[in-house]
Structures are given as C-alpha cells and as structure tokens.
Amino acid sequence: MRIKKISPGRIILYMVLIIASAATLYPFLWMISASFLPLAEIVGGNMSLVSPNMSLDNYRFVLGLTSLFPRWFLNSFIVALVGTTINVIFNSMAGYSLARLTFPGRNKIYFGLLALIMVPGQVLLIPNYLIMNAMGMLDTFAAITLPAAVNIAYIFMMRQFFINFSTDVEEAASIDGLGRYARFFRISLPLARPAIATQSVFVFMGFWNEFVRPMLYLQTQENFTITLGLQTFSSRHAGTQWAQTMAAACITVLPIIIIYFVFNNFFLTGRRMDGEK
Amino acid sequence: MFRLKRRKQEWLQGYLFVAPSIIILGIFICLAVLFVIYLSFHRVNLFQNTYEFVGLENFIRLRLDHTAMRAIRNTLTFSAVVVTAQTMLALILAYVLSSNIRGRKLFRSVLFLPTLTSSAALTLIFMFMFNIQGPVNNMLLDVDILSERINFLQNTRFTLPVIMVMNIWSTVPFYMTLYIASLVDMPSNLYEAASIDGANVVQKFFRITVPYLRPITTFVLLTGIIGTLQMFDQAYIFSDGSGGPANSTLTIALLVYRYAFGPQNAMGYAATLAVILALIILTISLIVNRINKEERVY
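Residue numbers (our numbering), protein chains in the order written: chain P, 1 to 277; chain R, 1001 to 1298.
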C-alpha cells in the first residue's frame, strides 16, 4: 500500500475548512456553554467553555411553571405544522395544475407568478398589516399563516416535478375510472413524496424561524411564537440575562437541528430552485 | 360533444387547483402592492381611520429627511460589504468542499448549520458574544489585540459592522450550497487538463472555477443584494426596534417600521419609503442583469 503524499495545495484546502468550521461552531459552542453557566460566571471574564459550576438552572427557569416559553414553543409548533400542511397542499395543487392541466390563461398565470416572486417582502408589511386589521385577524395565528400559505418558489418546484414525472400511473388510474381529484390526492401526491419532503422541511423551518410577521401581527404575550418570545424576553431584561437567554435560544434552535440531521439529504441536495438543471 | 365536455371539465379543474394560490397571492401580494402605492400618496391617520390625498408631498418630504438619508446610507453600505464578503466566502468554501478531500461531507454538514438558526436566536447569540463582558472581548484582551474592553453593542463605530459579521456568518452557507450544486455539474476534465498543465489549487480556482461559475455568481449577487437591502430582523433585534444607538443600525426597512408603527404614526410616509426601497432594489437588479447580459455576448 502506498501512502498518499499530501501536497501543499491540500494543506491550504484543509486549513480553509478548519478555520471556516471553527468560525461556524464558535457561536454555537458559546451559546451551549453559556446556557449551562450561572450569569455571574458569564460576565466575570470567563474564558473557558466548560466550568465546574455548570447546571440546568437556566433551563429550569426557562421551562418552569411561571415561564411562557413552553407556551411559545407550542404556538410555534402549531403555526409551523398547520402552515406547512397548507403550503404542501396548495403549492402541490398549483404546481400540478400548471404542469398537467391545460386551460386558457395557464401561461399568463405562470408568468404572473414569475413576476410576483420579484416583489420584495418588506414592501408588503404595511399594506398587509392594514389588510389584516380590516379582516379582524390581528393577534391570531391566521395572520401569520395565511399570508405565507403558499410559496411561489415551491409552486415552481412542484410544477417542475410534475413535468418531469411520468404520467403513466395516473393514466392507468384514469382508465380504471378514478376521477381527477382522487387521482391527484391518491396517486400523484403520494408519488411526489421526495419533492414534498423537501418543501416541507424548508417551509417548516421558515415558519419556525419567522420573526417579522409575529412581531407585527401578534399582540398578546400568550399568542407569541418562540422567536418573538425570545426577543421579548431578552429586551425586557435590557439584554443582560445572557444565561437564561442562551438557554432559551438553545431550545429554539434544537428542533430545527434535529430535523436537519434526520432529513440531511434534502438539505444538501434539494437546493436548486433557480429553475435550471 | 363528449370531448368538448371533457376539455371544459379540465379547464374547470385547472382553475380550481390554482385558485387557492391565486386568491392568497392576489390579496397579500397584488392587492398589497397596489395598496402600498396608494398609501404613498396619502397621509394616513390610523386612529381616526382617515386617508387624505397629498400628492407627491411624501416624496418631497423624503428629500429633506436626514434620518431617511442615514437609513439609506446605512443600508447601501451594509449591502455592499455583506454581498461582497458573502459571495467571496461562499465561492471559496464551495470550491474547497467540491474538491475530493477527506471528510468533506462532515465539513459540509457543519458549515451549513448557521442557515438553520432563526434571526432571533442568531442575533442574541452574537450580542452575547460581543457584549462588553463577553467572549469576544475576553479573547481579544487575552491575545493582546485590545488593551481595554470595547462596547461593541453601544459604540456606534462597531454596531453596524457587528451586524454585518452576523449576517455574513448566517448567509454564507446558503450561497455556498448554491455554488456546490453548480460545481457538481462541472465537467471534471477541465480540472484534469489544468492538472496536467501543472496548475496548483489556487490557480485552478481563479482560472477555472471562478469563470465557470460566472452565471450562478450573477444569481448569487442578485439574491444577496435583494436580501441585504431588505435587512430588518437583525437590526431590529440588535437595537430593540430603534435602529440605535444614534441611528447607527438604522436600515430602510427598520425606518419604514418605525415611521409606520412608532409614535410618528406616519403610515403614508412610511409607505413612500417602502416604495423607494422597492425602486432601489428594482434598479440595482436591472443594472446587475444588464451587466450580466453584456458579459454573455462576448
């Protein structure tokens, strides 16, 4: 067996990767470390990530009976779950329609969507706030799920999927006398599982991490989502309760990290949405 | 007769299937866009629910508004620095990760982590790290780069740069992944030919990878510009919604929010600023697109 010679070029590549990984992990490691430390130690010029004084006290506080964090966590979960379900159904239906059904104006709709994707989201905040107000939906979960109930990028992704995917099975089912709606829900949709999984993961993450809409539309503390709750908690203590804030931040990040490791492949491969390929 | 009925039926199905999307996008994008333009020509009093037409007054007022000019300057600086840094870093990391070195899958998984973090958690983590008693100060003191602690969160020279750093940190992996997806399609004989000619890794990067990725770079730049010009979350959380200290972290989107929902209660004027933001984004996008088209010709 020959030992592969390590070229200087390879050393450069490894150094780049190690530095980048260290820079990536550094904030996460501090978040985790601080979440177990007492506040006094955090602000006392502490240099090391581990300490004998580590405890679960911060978590006990964050998840305790007087804390709203568990409530906010649950709210975020409900919003993300419902929002993702609606998205998957509506995006898939629209994608299917644009790919497989022929009707007048289909291309106009397609190009219309292409134009709408260019509209910058921040511009819509004020009018949407007023629309929500007029519809009486402020301070409800509907206000955060409804405007994001469809996602143009994933409509395109589903359209692409249905264009590329063979129609054989659906035609067979059609001969067997299955109607359009039954065919869509019982045959095409289950076959589109990979594409649906990809969009679910990203849409769920989008809802979970969303900050602006909850901040703008939610007013009652009990209705807050976890991101808004986290920010409110920190600002109420004028950004000084680092230990408890970091414990709460850890809890916020955890579900997405879990999803990431479970669905790793979707994250690393399914990320080409510019319509090429 | 039967065929015609079938066709009509398919029309109906087609419309029914796109209807939910059309309705939602119609209300929350199309209607909203028209509404924001309408608002930009009005003075709005939300409490009394009155809309008074004022013509171009809001646009004229903008020219004399020093706070707005500051926000525009901050946003453009932020965008220029962040887009340059994130594109370069993403390109370099994608290149390194798509070379056949050991453990690249692990490195790739690690480097992707920031993308998963919410803006709220991310901003608070960075604020903790950069606070006057925090790890960054400790580290810089320890290695003697600093002689005394810096208040990164309050010193106006450092506030916007700290937000830049956190934004770059959190956006690089996304663009890196886009680049990697394109590099997968790259014909490997390009590198092989270069290797035979004796090119080293750095030469290969500049002579082959960068030119090959030019089309996707345009896409990355465009997405980056559109994203950074709309900077809101991190500046809001960092400054608790104020854009402070001394407007140093004030972005256009944040000022829109402040005017619309703050004590000024100036929704019409805020809408004007939002329209200006959209126009800035549109203009820059068109310029980048134009440059790209000219490059493609030769």
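Yeah, the Cβ is synthetic: ideal placement off N, Cα and C, and Gly gets one too.
Please say whether residue j and residue i have beta carbons closer to each other than 8 Å?
i	j	result
Met246(P)	Leu228(P)	no
Leu1273(R)	Ala1068(R)	yes
Met1176(R)	Leu1111(R)	yes
Val1220(R)	Ala1080(R)	no
Phe1078(R)	Met1231(R)	yes
Leu39(P)	Trp208(P)	no
Phe73(P)	Ile256(P)	no
Val1288(R)	Thr1218(R)	yes
Ile1216(R)	Leu1190(R)	no
Ser1021(R)	Phe90(P)	yes
Arg159(P)	Ala115(P)	no
Val203(P)	Asn151(P)	yes
Val1201(R)	Gly9(P)	yes
Ile1029(R)	Val1275(R)	no
Val1083(R)	Gln122(P)	no
Met54(P)	Phe69(P)	no
Ala1235(R)	Ile1163(R)	yes
Leu17(P)	Val1096(R)	yes
Leu130(P)	Phe1035(R)	yes
Leu1183(R)	Ala1094(R)	yes
Leu124(P)	Met132(P)	no
Ala1194(R)	Ile1208(R)	yes
For the candidate residues the options, whose alpha-carbon lies nearest to that of residue i?
i	options	result
Ala1121(R)	Tyr260(P), Ser234(P), Phe261(P) and Ser7(P)	Ser234(P)
Thr1075(R)	Asn1292(R), Leu1250(R) and Ala1278(R)	Leu1250(R)
Arg1070(R)	Ile1284(R), Val1210(R), Asn1247(R) and Leu1140(R)	Asn1247(R)
Asn1265(R)	Phe1017(R), Asp1197(R), Pro1020(R) and Leu1046(R)	Leu1046(R)
Gly1268(R)	Ser1040(R), Ile1027(R), Thr1283(R) and Arg1003(R)	Ser1040(R)
Arg1104(R)	Glu210(P), Gln219(P), Asn223(P) and Tyr14(P)	Tyr14(P)
Tyr154(P)	Tyr96(P), Ile126(P) and Arg180(P)	Tyr96(P)
Met1088(R)	Leu1213(R), Ala1278(R), Leu1279(R) and Phe1261(R)	Leu1213(R)
Trp30(P)	Leu17(P), Ser48(P), Val16(P) and Ile18(P)	Ser48(P)
Val50(P)	Ala34(P), Leu63(P) and Asp57(P)	Ala34(P)
Ile1225(R)	Lys1204(R), Ala1278(R) and Tyr1051(R)	Ala1278(R)
Ser200(P)	Phe263(P), Met135(P) and Tyr129(P)	Phe263(P)
Ala195(P)	Val62(P), Met93(P), Thr232(P) and Gly112(P)	Met93(P)
Asn1155(R)	Arg1102(R), Met1127(R) and Ile1252(R)	Met1127(R)
Val1007(R)	Asn75(P), Pro104(P) and Ile12(P)	The sequence shown places Arg at residue 1007(R), not Val. Of the candidates Asn75(P), Pro104(P) and Ile12(P), the one whose C-alpha sits nearest the C-alpha of Arg1007(R) is Pro104(P).
Met63(P)	Ala248(P), Met132(P) and Leu254(P)	According to the sequence shown, residue 63(P) is Leu rather than Met. Considering only alpha carbons, the answer is Ala248(P).
Trp1011(R)	Pro120(P), Arg180(P), Phe77(P) and Gly136(P)	Arg180(P)
Ala1085(R)	Pro1161(R), Met1186(R) and Leu1106(R)	Pro1161(R)
Leu1282(R)	Val119(P), Ser76(P) and Ala22(P)	Val119(P)
Gly1227(R)	Leu1124(R), Lys1005(R), Ala1193(R) and Ala1253(R)	Ala1253(R)
Gly1241(R)	Thr1223(R), Phe1261(R) and Leu1222(R)	Phe1261(R)
Met157(P)	Thr252(P), Ile131(P) and Leu113(P)	Leu113(P)
His1042(R)	Ile1291(R), Ala1271(R) and Asn1100(R)	Ala1271(R)
Arg193(P)	Ala23(P), Phe162(P) and Pro27(P)	Phe162(P)
Ala134(P)	Arg1003(R), Ile1291(R) and Ile1027(R)	Ile1027(R)
Thr1306(R)	Glu1057(R), Trp1169(R), Gly1198(R) and Phe1205(R)	Only positions 1001 to 1298 of chain R appear in the structure, and residue 1306(R) is not among them; the question remains open.
Ile11(P)	Asn1100(R), Ile1072(R) and Pro1245(R)	Asn1100(R)
According to DSSP, which residues form a beta bridge with residue i?
i	result
Val1044(R)	Tyr1051(R)
Grab me the residues of residue i's own chain with a C-beta within less than 7 Å of its C-beta, minus the 5 sequence neighbours each way, in chain order.
i	result
Arg1258(R)	Gly1243
Glu170(P)	Arg183, Ile187 and Ser188
Arg271(P)	Because the pLDDT of Arg271(P) is 45, which lies under 50, any placement of that residue in the model is unreliable, and the question is left without a value.
Val1297(R)	For Val1297(R), the predicted structure reports a pLDDT of 48, less than 50, and the residue's modelled location is therefore unreliable. A value from the coordinates is still provided. The answer is none, since no qualifying residue turns up.
Gln221(P)	Leu68
Arg974(R)	Since the first residue of chain R shown is 1001 and the last is 1298, residue 974(R) is not available in this structure.
Tell me which same chain residues have a C-beta within less than 6 Å of the C-beta of residue i, skipping the five on either side of it?
i	result
Ala20(P)	none
Thr66(P)	none
Phe141(P)	Val79
Asn58(P)	Ser35, Ala243, Gln244 and Ala247
Lys277(P)	Confidence in Lys277(P) is poor, its pLDDT being 33 and thus under 50, which makes the residue's placement unreliable; the coordinate value appears in the next sentence. Excluding sequence neighbours, Lys277(P) sits near nothing in its chain.
Within a Cβ cutoff of 8 Å, which residues of the same chain sit near residue i, ignoring the five residues on either side of it in sequence?
i	result
Thr145(P)	Val79, Val82, Gly83, Ile86 and Phe207
Val1136(R)	Met1129, Phe1130 and Phe1152
Glu210(P)	Ile144, Ala148, Thr225 and Thr227
Taking only heavy atoms of the ligand ATP into account, decide whether any of them is closer than 7 Å to the Cβ of residue i.
i	result
Arg1108(R)	No copy of the ligand ATP occurs in the structure displayed, which carries no ligand at all.
Discussion item. Could you tell me which whole alpha helix (DSSP H) segments of length 4 or greater appear in the stretch 8–48 of chain P?
Written reply: 8–36 and 39–42
Worksheet item: What runs of the alpha helix (DSSP H), each 4 residues or longer, lie entirely inside the stretch 1227–1271 of chain R?
Response: 1233–1239 and 1252–1261
Worksheet entry | Those runs of the alpha helix (DSSP H) which lie wholly inside the stretch 130–163 of chain P and span at least 4 residues | 141–145
Discussion item. Runs of 4 residues minimum, wholly inside the stretch 1109–1134 of chain R: which ones carry the alpha helix (DSSP H) assignment?
Written reply: 1119–1130
Discussion item. As an exercise, report each continuous alpha helix (DSSP H) stretch of at least 4 residues that is fully enclosed by the stretch 216–245 of chain P, in chain order.
Written reply: 226–236
Practice prompt. For the stretch 1171–1197 of chain R, list the alpha helix (DSSP H) runs that are entirely contained and at least 4 residues long, ordered along the chain.
Written response: 1189–1196
Discussion item. Quick check for students: name the residue ranges of the alpha helix (DSSP H) that lie wholly in the stretch 35–121 of chain P, counting only runs of 4 or more.
Written reply: 39–42, 57–62, 69–100 and 106–116
Worksheet item: Fully enclosed by the stretch 1046–1102 of chain R, which beta strand (DSSP E) runs are 3 residues long or longer?
Response: 1050–1053
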